[in-house]
Amino acid sequence: MSSRKLSIRAQVLLWTAQRASAAVLAVCVIVHLITIIYAVRNGLSAAEILGRTRGNVAWAAFYALFVAAVVVHAPIGLRNILSETFGWRGAGCDIAVMAIALTLAMWGFRAVFAVFL
Amino acid sequence: MKSDFRARAHPAYWAFVVHRASGVLLALFLPLHFWALGQALSGEEKLESFLRWSDQPLVKFAETALVLLLAAHMTGGLRLLALEFLAWRDWQLSLLAAAAGVSIVAGLAFLLNVV
Numbered sequence: 001m002s003s004r005k006l007s008i009r010a011q012v013l014l015w016t017a018q019r020a021s022a023a024v025l026a027v028c029v030i031v032h033l034i035t036i037i038y039a040v041r042n043g044l045s046a047a048e049i050l051g052r053t054r055g056n057v058a059w060a061a062f063y064a065l066f067v068a069a070v071v072v073h074a075p076i077g078l079r080n081i082l083s084e085t086f087g088w089r090g091a092g093c094d095i096a097v098m099a100i101a102l103t104l105a106m107w108g109f110r111a112v113f114a115v116f117l
Numbered sequence: 001m002k003s004d005f006r007a008r009a010h011p012a013y014w015a016f017v018v019h020r021a022s023g024v025l026l027a028l029f030l031p032l033h034f035w036a037l038g039q040a041l042s043g044e045e046k047l048e049s050f051l052r053w054s055d056q057p058l059v060k061f062a063e064t065a066l067v068l069l070l071a072a073h074m075t076g077g078l079r080l081l082a083l084e085f086l087a088w089r090d091w092q093l094s095l096l097a098a099a100a101g102v103s104i105v106a107g108l109a110f111l112l113n114v115v
């Protein structure tokens, strides 16, 4: 058992954030799946991908929202698995999960920036 | 309360396992995906050379598995949201079948387009 337990309020916040981000992700994933299934039909090329995304504010905003929702959703899900399946709870687990969130945010927004530039 | 073998024989248990396993695998894949797209920062040619590497049959097979995992995680998540917020508990098995069906359709659509 950990020496530090999350307050009920914090647990409710995590639960709500997980569901709210899931609802956003459901829409993002449907759009993403349709886009990739369409995009690969004649083989992928960098010119084709960048032709669609470079300078396109709408796609950049969409993928920025996608990354933001992932940054919320994935670490909370991993935290649940780490605590429920592997019994890892407490500050160590929370710090590891925060590090995962920061890494995903950094790399994710970098990727959005890379295909928008 | 400890769950017994009957709980694990229920299709909902397997939906739970698929949702968690696909979530972990997608989380592991994401940094690689972001790194690959980030290649565009070094120019279009770098991204193009990565995409040509990804033309290998084994990579396409892995990509198909990822599309299947993404679709399965999304449909499994929608199933959970429906159960929690719409109280569609009588539809448990129908939701499971729909989630599995949509995932397989997405995986096949990708596979047929990518090969």
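Chains as they are written, first to last, in our numbering: chain B, 1 to 117; chain G, 1 to 115.
By construction, the Cβ of each residue, glycine as well, lies at the ideal position given by its N, Cα and C atoms.
Check whether residue i and residue j have beta carbons under 7 angstroms apart
i                : j                   : result
isoleucine 81(B) : arginine 20(G)      : yes
leucine 69(G)    : leucine 25(G)       : yes
serine 7(B)      : alanine 69(B)       : no
alanine 106(G)   : valine 59(G)        : no
glycine 108(B)   : phenylalanine 34(G) : yes
leucine 50(B)    : glutamate 45(G)     : no
valine 18(G)     : alanine 72(G)       : yes
alanine 99(G)    : glycine 76(G)       : yes
leucine 47(G)    : alanine 61(B)       : no
alanine 40(G)    : valine 12(B)        : no
isoleucine 37(B) : alanine 109(G)      : yes
Reduced DSSP secondary structure (H/G/I, E/B, other) of residue i
i                   : result
leucine 93(G)       : helix
serine 3(B)         : For serine 3(B), the pLDDT reaches just 46, beneath the cut-off of 50, and the residue's location in the model is therefore unreliable, although a value from the coordinates is still provided. Of the three classes helix, strand and coil, the one that applies to serine 3(B) here is coil, per DSSP.
leucine 78(G)       : helix
leucine 65(B)       : helix
glycine 101(G)      : helix
phenylalanine 86(B) : coil
asparagine 42(B)    : helix
glutamate 70(B)     : It is worth fixing the name first, because residue 70(B) is valine in this sequence and not glutamate. Residue state, collapsed to three classes: helix.
glycine 167(B)      : The displayed coordinates of chain B run from 1 to 117. Any statement about residue 167(B) would go beyond what the structure contains.
Euclidean distance between Cα positions of residue i and residue j
i               : j                    : result
methionine 1(B) : leucine 104(B)       : Confidence in methionine 1(B) is poor, its pLDDT being 43 and thus under 50, which makes the residue's placement unreliable; the coordinate value appears in the next sentence. Taking the straight line joining both Cα atoms gives about 28 angstroms.
arginine 41(B)  : threonine 35(B)      : 10 angstroms
glycine 87(B)   : phenylalanine 113(B) : 37 angstroms
proline 75(B)   : alanine 15(G)        : 20 angstroms
valine 57(B)    : tyrosine 63(B)       : 10 angstroms
arginine 110(B) : arginine 8(G)        : 42 angstroms
valine 24(B)    : phenylalanine 66(B)  : 8 angstroms
arginine 6(G)   : tyrosine 13(G)       : 10 angstroms
arginine 19(B)  : serine 83(B)         : 18 angstroms
Any non-hydrogen atom of the ligand NAP within 6 angstroms of residue i CB
i             : result
leucine 93(G) : Judged by which ligands are present, the structure shown has none, so any question about the ligand NAP falls away.
(message) Three Cβ pairs or more, each shorter than 8 angstroms: is that satisfied between the stretch 70-80 of chain B and the stretch 15-35 of chain B?
(response) The stretch 70-80 of chain B, when compared against the stretch 15-35 of chain B, does touch it at the 8 angstroms Cβ threshold.
(request) Pick out the complete alpha helix (DSSP H) segments inside the stretch 12-60 of chain G, 4 residues or longer, and give them in chain order. (result) DSSP runs (the alpha helix (DSSP H)) wholly in the stretch 12-60 of chain G: 44-53.
(message) Under 8 angstroms, with one C-beta from each stretch per pair, do the stretch 43-54 of chain G and the stretch 82-92 of chain G reach the 3-pair mark?
(response) No: the two stretches stay apart, fewer than three of their Cβ pairs being nearer than 8 angstroms.
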